[in-house]
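If you're matching positions, the sequence shown starts at 639 in this note's numbering and goes up one per residue. Cβ atoms here follow ideal geometry from the backbone N, Cα and C, with glycine treated the same way.
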Amino acid sequence: MRPSITLARRGSLLAGSFTSRAAAAGPSPQPSASGQPSDGSRCRVALVQGSSRGLGLEFARQLLQRPDHAVVATCRTPSAARELQELQRQHGSSRLAVVQLDPNDEASIAAAAEHVAAQHSHLDLLVNASGVLHDATMTPETGLARVTMDSLLKCFQVNAAGHILVCKAFAPLLVNAAEAGGATPERPAVIANLSARVGSIGDNQLGGWYSYRASKAAVNQLTKCMALEFERRKQPVACILLHPGTVDTDLSKPFQRNVPPEKLFPRERAVRQLLQIIDRTSMQDTGRFYDWKGTEVEW
Ligand SMILES: NC(=O)c1ccc[n+]([C@@H]2O[C@H](COP(=O)([O-])OP(=O)(O)OC[C@H]3O[C@@H](n4cnc5c(N)ncnc54)[C@H](OP(=O)(O)O)[C@@H]3O)[C@@H](O)[C@H]2O)c1
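Pasting the structure below:
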């Protein structure tokens, strides 16, 4: 088994000595109105799926702070995603494209991939941030008696199937990142699927939350399969799973009462930490599951 890559090995990321790739690369090429840098150098393109709110929205916000990045933010209902629209007003549509994509619907995923491929020749980063734990018809199960077909299927559909089908549709653009001259085994294109520590079977001490836990275990397995396939084909696309910690979003809201304040992360902090991990990802990391500290989580 490969040694786990912690932030200590990666450098003192949390001690402030970390330099992002964008910063390390020196002056950044600025995407022009066409979305390509005006100096002819290569623009980095990041796509965030599930960016209407929560962590996905924060990923889009922080990626836009990198001047050499163009961001594609997808969500189910762009007209209802007011904060995303506001970001687009601030940054302009050449820096931020808002694209409709419903991860429950393969036709919608395919249409979004076609739309993005018409605008961009490659993708450097794909973050799958959509996820469901509860909604109007579903609360996480406290016991076996509460498990239903509906909750199982919804969690699997959104948290596992949606992520892998989005990866499938955008894989050609991620592979193109190598051909566009940007991706190498040391600095690959990256797929980061948001998982959760509760998806770890080895770490499961409490039980409960059957559907959500199982759907996260499923996205872990699907992502591992995909990682092995890219590796076997010698394509520099690293696939990682991330546990963001407990973050103050709509998803965790009903369960925050018992979380000590220091363990409930603001979104800004959580995404900053996850982007540090993504920035340091090489093909050595592919197929691995990291928490927000950069420590590997057991399966
Ligand atoms: N927050 C945490 O403490 C925490 C901890 C561990 C892991 N995570 C994971 O991190 C990811 C982001 O979570 P978050 O905290 O940002 O959640 P959030 O604020 O509730 O946002 C959820 C996102 O998923 C989309 N979504 C929700 N239900 C959906 C459905 N039925 N079909 C398609 N899309 C749906 C939402 O889109 P709409 O706006 O269209 O509904 C939204 O973009 C999730 O995968 C979650 O499991 C979060």
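### Query
CA-CA distance, A908 and G883?
7 Å
### Query
To which residues does DSSP link D773 through a beta bridge?
M776
### Where D929 sits in the DSSP three-state scheme
Assigned with DSSP and collapsed to three states, D929 falls in strand.
#### Entry: N- and C-terminal bounds of the beta strand (DSSP E) containing T712
T712 -> beta strand (DSSP E) spans H707 to C713.
### Task
Identify whether L844 lies in helix, strand or coil by the three-state DSSP scheme.
coil
### Task
Whole angstroms is fine: what's the gap from R835's alpha carbon to V935's?
7 Å
### Query
Taking the C-alpha atoms as reference points, what is the distance between G688 and A783?
31 Å
#### Entry: Pairwise C-alpha distance: S833 and A865
15 Å
### Task
May I ask you to list the residues that DSSP assigns as paired with R682?
H707
### Message
Can you tell me whether R825 sits near ligand 1, meaning its C-beta is under 6 Å from at least one heavy atom of the ligand?
### Response
no
### Message
Buried or exposed, going by whether 16 or more other CB atoms sit within 10 Å of the CB of C793?
### Response
buried
### Touching by the beta-carbon criterion (3+ pairs, under 8 Å), the segment 915 to 927 and the segment 708 to 716
No, because fewer than three Cβ pairs between the segment 915 to 927 and the segment 708 to 716 fall closer than 8 Å, the two stretches do not touch.
### Message
Need the endpoints of the alpha helix (DSSP H) that I747 sits in, please.
### Response
Per DSSP, I747 belongs to the alpha helix (DSSP H) from E744 to Q757.
### Among L860, L722, A816 and E779, the one whose alpha carbon lies nearest that of V683
A816
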